[in-house]
Every structure is written in C-alpha cells, then in structure tokens.
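All letters in the sequence shown, in the order written, are residues -16 to 500 by the working numbering.
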Amino acid sequence: MSVLYERLAIVGLGLIGGSVGLAAHKRCLVGEIVGYSRSETSRQGAVAAGAVDQVSDDLLAAVRGADLVYVSAPVCAIAGILEQIAPAVSIGCAVTDAGSVKGQICRDGARFLPASFIGGHPMAGSEKSGIQASSADLFVDRSYILTPQEADEELLSRLLEFVRALGARPLLATPEEHDHLVALASHLPHLWAAALSLGLSRSDEPRALADFSGAGLRDSTRIAASSPELWKDIFLSNQAQVLQACTRAEQALADLRQALQSDDVAALVGLLAQAKQFRDHLTAAGGGRDMPCPGVRVAIDGPAGAGKSSVARDVAHELGYTIIDTGAMYRAVAYFAKGKGLAPGLNDDEIGRLAGQLNYEFRTVESERHLFVDGQDVESVVRLPEVGRLSSPVSAIPLVRHNLVIAQRQMAAGGGIVMEGRDIGTVVLPDAEVKIFLTASPQERARRRYRQLRDMGLEVTYEDILHEQNVRDQRDSSRAVAPLRRADDALEICSDDLTAAQVVAQIVQIVRERQHA
C-alpha cells in the first residue's frame, strides 16, 4: 500500500486516535504522524506505543502542515476544536472526526471548515479506554460511516481509500440518517445495558448475583462498563433520537411482560421468535457465515429483461452485500421529469440538473430493497411501463449520466456492493473487482417481462413487449453516451437454460474465488 498522506495529525490520543495511528503505521499509509493531547501521560503513552512519530502540546502547531487531520475527542468538544484549528488547516487538507453523533458536528464543520470537513464515525470500540487499549486492528471488518455534505470529491475519495486501508468497510450516509440509525444500533444498546446493570444493582443481593451469573449476564452488561462521562455526552447530543429508540425498547419489553403475565404462550413464543430472527440476521450479516472481504465490488451489466435486478438482489443477499439498482435511479429521474412536464430532447438541460438535485437512497422495506428519492418510496412507480419507456432517452442525456455516475460511485466507494445496470463495468465502475455481463435471448427476455407485468395486473401483449424491447436494445447499444456493451474483462453468462438460483450460485462462487485470490 502506497503512502496516502504525507502528514497525519491526530487530535486526541485515546483508544480511537491511538488505534488510527497504529493502523496507519502498520499499513504504511502515512509519511509522518504527529499527535496532540493536553495530557502529558497520553502523549508519552502514544509515543511509547508507536502510535505517533512525535507529539505536541500546541494544537495549532500539531495541525499546521498536515494533509489529514483526525479529531478523536468527546462529542461535546469537537466543535470547539474545529473552530480553533480552522486558521491552521492548509488548503487541500481533509479534516475528519470520530464523533458518534454527527448532526451538530457536521453543521459546525461546514461552518468552520466548509471545504475540508468530512464527518466520520468508526463503528469500533471497546468498554476500555485510553491509549493503552488501542490496537492496529481495531477497525478490521468493522463498518466506518462517513457523512460528507459538500465535501470536495478528491478529498472524499482519498479518505475513503484511507478508511478501507485501515481494514474497515466505509459507508456513506447523511448526518441525519447516521444519528437515527446509530441511536438504534449503538446508543440504545449502551443505555439498555446500563439499565440492566442498574436494575440488578438495586436487587437485595447484588453481590450474590456475581456468583450466580454466567456468560449471558456478562455479555449483556459488558458495554455498561464504558466511561459514564463519555456516554453522558453522547446521549445528550443525540437526545431526541435516543428517546425515540427508548420508546421502541420499552414497548417491546411491555409486550413480553404482558404475554408472560397473561400466560399467553403463543404470544410469548412469537415474540421470542421475532427476537431470535433479528439476532440471527445480525449474526449472518456480521460474521456468522463467510463474509466478503472489504472493498469487493460486483458489477452486473446486461440488456433489459435479462434478470439483472432479481439476480443482483439475490447475490447481494447471499454475500451480505448492499444492492444498488442503477436502472431504478434512471427510471426515477424519468418519473420526476415527467411529473414536472420535462421531455427528453426538449428539456435535456433541465432534466440533467434535476438528476443532480435529487437525493437517492436504497432502504430495506419488509426485507426488500426499495429506492427512495427525496424521502419518497418510488419503487413501484418506477417499474411502470410508461416510466420504463422514458428511462432510455432520459439515460442518454449526458448531464443525467454525469450526475448519476457521481452518485453511484459514491454509493460503491466502500465496496461490499452489487451494482447492476447497463454500463457499470464499462463506465461507472471500470475497476470493479468482479464484472458480469448477464444476457438471454430476446424471446426469453420478452417472455419474462410479459409474465412480470401480467403478475402486476397490467394488460400487455407479448408482441408489444418484444417490439419495445428490441427498440430499446437498439437504442441502448447505439447511443453515443455509454452504450450497452460487455466490458472486455467481464464474464458473460447466458441465462436461457439456467434457473435464477443457478445464475446466482455461479456469480457468488466467482466473487468468493476473487475474495481469496
């Protein structure tokens, strides 16, 4: 791995800051690391651990000349640090943080360092704290959320590469999305563990419980051993979202209590089964089966009706990857353009600008991935035939493709994704680790599309579907901008004589072989 930054400044030399330094040194990611802490003990400990090359008790001196500044401090202190270091941050320097609440921090970052700040939060940690608890492998196989807003694309790209090189799996989110999900996934578990510990401490025999406890109690309360001062700040900084999460947990406990109190065996078993199902899902997604190596990107291209969407969805599910349906994104632009009275060929510039203004997000709804645009679930409307007919001429507009390619590359930056479309392996992700060109005969593709639309209750004919498909194939393969074609290094799979499960199994095997190559 080549050096990504000449000078890294770490502000705060505790568990996270020290681990960043150790990981960067171990993987030779930086030329020099300078650490800042107000504590002499922390500064000496960081040098002794090998987390930094030099230390300073002068914050501005530590930051000056760095091309990456990493702020690892309590959430309540980060805003003040960003304001303080702003005069010393060089042009072209990226500034990121490790705060576990992003809303206010990102607003402050945009105010004090608008061209440089990229919010961050590694989903890694320990109930232990301090430089002595730091580890070079703390981030390996852990999610690492980045919350860029108006970030410079080059700075973001290099920071994503740095995060991947730490061994983490970077994810992109808005500050609001981050705070909502982290309240459920991280903040509530800490509060719940504290509540369990607090309740047991008030029992008549708290000391005897230690003798009677097994691994279950210790596992359930482990994170309650974290710093009260640290978590006080986190809970208060994300107060509204944590309170909403509490309401969910309180209702779940009330449901279990009611089932137990009323001797409702069926309800009790059902609730426990729901809990087990969610826990099994966490195990599968986080290490209970073969997990993908960070950074693997799967590009699946092919003509309309080849089965890309369903195959890509099942491949992503099998691998634990995120699915990105780029065709749905183009259909969404067509749908919103139609709603505004914009037509391809007449309003290309307006449609292109619209594509760059919309906010695209894939969310899970009842175990299915749905496309949300500006917060609206558009999954069903973008599948309508009239929207499909519009999407091909819309996708041929250069500015539309430019803006959507930017969005798609950002979605794929962290790896661990399956992206399907018509130019993924050739244009969007030409350096994807796995490229598949999935196709089928025109007749077979038309039959599949005909059955799909009939199942949706639409009155269509096979002949019309085949004709529209042939017209679209011609247009997609002959357009001037990013025409449909197989990438030179893509594996072509014809699915005429294969079941969907066989196609999925073949692609999953290819991905796993690539992971271990």
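Positions of the beta carbon are idealized from the N, C-alpha and C atoms, including for glycine.
**Q.** For Phe345, the three-state DSSP class (helix, strand or coil)
**A.** Reduced to three states, the DSSP call for Phe345 is strand.
(Q) By the three-class DSSP mapping on this structure, what secondary structure does Tyr53 have? (A) If DSSP states are grouped into helix, strand and coil, Tyr53 belongs with the strands.
Q) Among Ala81, Arg47, Gly324, which has the Cα closest to the Cα of Val72? A) Measuring from the Cα of Val72, the nearest candidate turns out to be Arg47.
Q.
Contact between the stretch 14 to 25 and the stretch 172 to 189 is defined here as three or more beta-carbon pairs at a separation below 8 Å; is this criterion met?
A. Contact between the stretch 14 to 25 and the stretch 172 to 189 is absent, because fewer than three Cβ pairs lie under 8 Å.
Q: Can you tell me which of Leu143, Arg147, Ser363 puts its alpha carbon nearest to the alpha carbon of Leu121?
A: Of the listed residues, the one whose Cα sits closest to Leu121 is Arg147.
Q. To the nearest angstrom, how far is it from the Cα of Thr422 to the Cα of Gln457?
A. Taking the Cα positions, Thr422 is about 15 Å away from Gln457.
Q | Contact set for Gly278: own chain, Cβ-Cβ below 7 Å, skip 5 residues either direction | A | Low confidence applies here, because Gly278 scores a pLDDT of 49, under 50, leaving its location unreliable; read the following figure in that light. Scanning its chain for C-beta atoms nearer than 7 Å, with the 5 sequence neighbours on each side dropped, one finds around Gly278 the residues Arg147, Gly398, in chain order.
(Q) Quick check on DSSP: helix, strand or coil for Ile380? (A) Coil.
(Q) Between which residues of its own chain and Gly1 is the CB-CB distance below 7 Å, once the five residues before and five after are set aside? (A) Apart from the 5 residues on each side of it in sequence, Gly1 sits with its Cβ closer than 7 Å to the Cβ of Ala29, Ala32, Ala34, Ile114, Ser117 in its chain, given in chain order.
Q. Can Leu65 and Gly92 be called in contact, C-beta distance under 7 Å?
A. It is a contact, given that the beta carbons lie within the stated cut-off.
Q.
Below 8 Å on the Cβ atoms is my contact criterion, and I expect Val13 with Leu(-9) to pass it. Report the Cβ-Cβ distance as a whole number of Å.
A. Sure, about 4 Å apart at Cβ, within 8 Å.
**Q.** Chain-order list of residues whose beta-carbon lies under 6 Å from that of Ala470 (same chain, five-residue window excluded)
**A.** Leaving aside the five residues that flank Ala470 on each side, the residues in its chain whose CB is nearer than 6 Å to its CB run, in chain order, Gly408, Thr409, Lys418.
Q. If you draw a straight line from the alpha carbon of Ser292 to that of Asp263, how long is it in whole angstroms?
A. If I take the Cα positions, the gap works out to 26 Å.
Q | 3 or more residues per run - each beta strand (DSSP E) lying fully within the stretch 94 to 140 | A | The qualifying runs are 100 to 105, 126 to 130.
Q) Is the stretch 315 to 335 touching the stretch 429 to 446, taking contact as three or more C-beta pairs under 8 Å? A) Under the Cβ criterion (8 Å, minimum of three pairs), the stretch 315 to 335 does not count as touching the stretch 429 to 446.
Q) Buried or exposed: which applies to Gln426, given that a residue is buried once 16 or more other Cβ atoms fall within 10 Å of its Cβ? A) Under this definition Gln426 is an exposed residue.
**Q.** Distance between Ala98 and Met402 (C-alpha atoms, nearest Å)
**A.** If I take the Cα positions, the gap works out to 30 Å.
Q: Identify whether Thr482 lies in helix, strand or coil by the three-state DSSP scheme.
A: It is coil, neither helix nor strand.
(Q) To the nearest angstrom, how far is the alpha carbon of Arg432 from that of Arg346? (A) Rounded to the nearest angstrom, the two C-alpha atoms are 24 Å apart.
Q. How long is the line joining the alpha carbons of Gly328 and Arg495, rounded to whole angstroms?
A. Near 44 Å, if we compare the C-alpha coordinates of Arg495 and Gly328.
Q: Output yes or no for whether 7 Å exceeds the beta carbon distance between Ala45 and Val17.
A: In contact: Ala45 and Val17 (Cβ atoms closer than 7 Å).
Q: May I ask you to report which of helix, strand or coil DSSP gives Ala45?
A: Reduced to three states, the DSSP call for Ala45 is helix.
Q.
Please list the terminal residues of the continuous beta strand (DSSP E) segment that includes Glu362.
A. For Glu362, no beta strand (DSSP E) run applies, since DSSP gives it neither H nor E.
Q) Shortest alpha-carbon distance to Ala56 belongs to which of Ile88, Asp50, Ala69, Asp308? A) Answer by Cα proximity: Ile88.
Q. Expressed to the nearest angstrom, what Euclidean distance is found between the alpha-carbon atoms of Pro275 and Val487?
A. Note that Pro275 scores 39 on pLDDT, short of 50, meaning its location in the model is unreliable and no value can be drawn from it.
Q) What residue from Tyr(-12), Ala311, Glu(-11), Gln27 has the CA that sits closest to Pro368's CA? A) Ranking Tyr(-12), Ala311, Glu(-11), Gln27 by Cα distance to Pro368 puts Ala311 first.
Q | DSSP-derived helix/strand/coil call for Arg152 | A | Look at Arg152 here: in three-state DSSP terms it is strand.
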